[in-house]
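What follows is a set of notes on a single structure, which appears directly below.
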Amino acid sequence: MQSTDSLRELNAKLLTKIAELRKENDEIPELKEKLLRFAEVEAENVKLKQIIEENARCDSENAKLKSRTQNGEEAMPVVMVPTVDVPDFVIDKLNNEVG
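For the sequence shown, the working numbering assigns the number 229 to the initial residue and increments by one for each residue that follows.
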């Protein structure tokens with residue numbers, strides 16, 4: 229049978245261990261909260277990366293379309309149309325025929 233002193237020593241060690249475990253248990257909710265927040269941030273990062281990739285695709289497509297538009301504008305001839313003075317009665321007659 230163990231002596232009283234050795235039992236007291238064992239009891240003190242066990243009480244110390246219990247205190248350590250209680251401290252660890254108190255930290256668990258904080259760690260769970262941090263882990264949840266980390267997961268939320270990671271999910272947001274994934275969404276943002278997808279948005280960045282989509283923006284890059286759109287930017288590339290826009291650049292191609294701008295280039296095509298500029299090329300089309302350069303290929304179009306400039307047409308000069310002279311101004312013609314048309315009397316009001318002619319315009320009225322044309323409007324009556326159409327409308």
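Even glycine gets a Cβ: it sits at the ideal position worked out from N, Cα and C.
When DSSP states are grouped into helix, strand and coil, VAL309 belongs to the coil group.
When DSSP states are grouped into helix, strand and coil, PRO315 belongs to the coil group. When rounded, the separation of the alpha-carbon atoms in LEU249 and SER288 is 57 Å.
In its own chain, leaving out the 5 sequence neighbours on each side, no residue places its CB closer than 8 Å to the CB of ASP313. Distance from the CA of ALA247 to the CA of ASN283, rounded to the nearest whole angstrom, comes to 54 Å.
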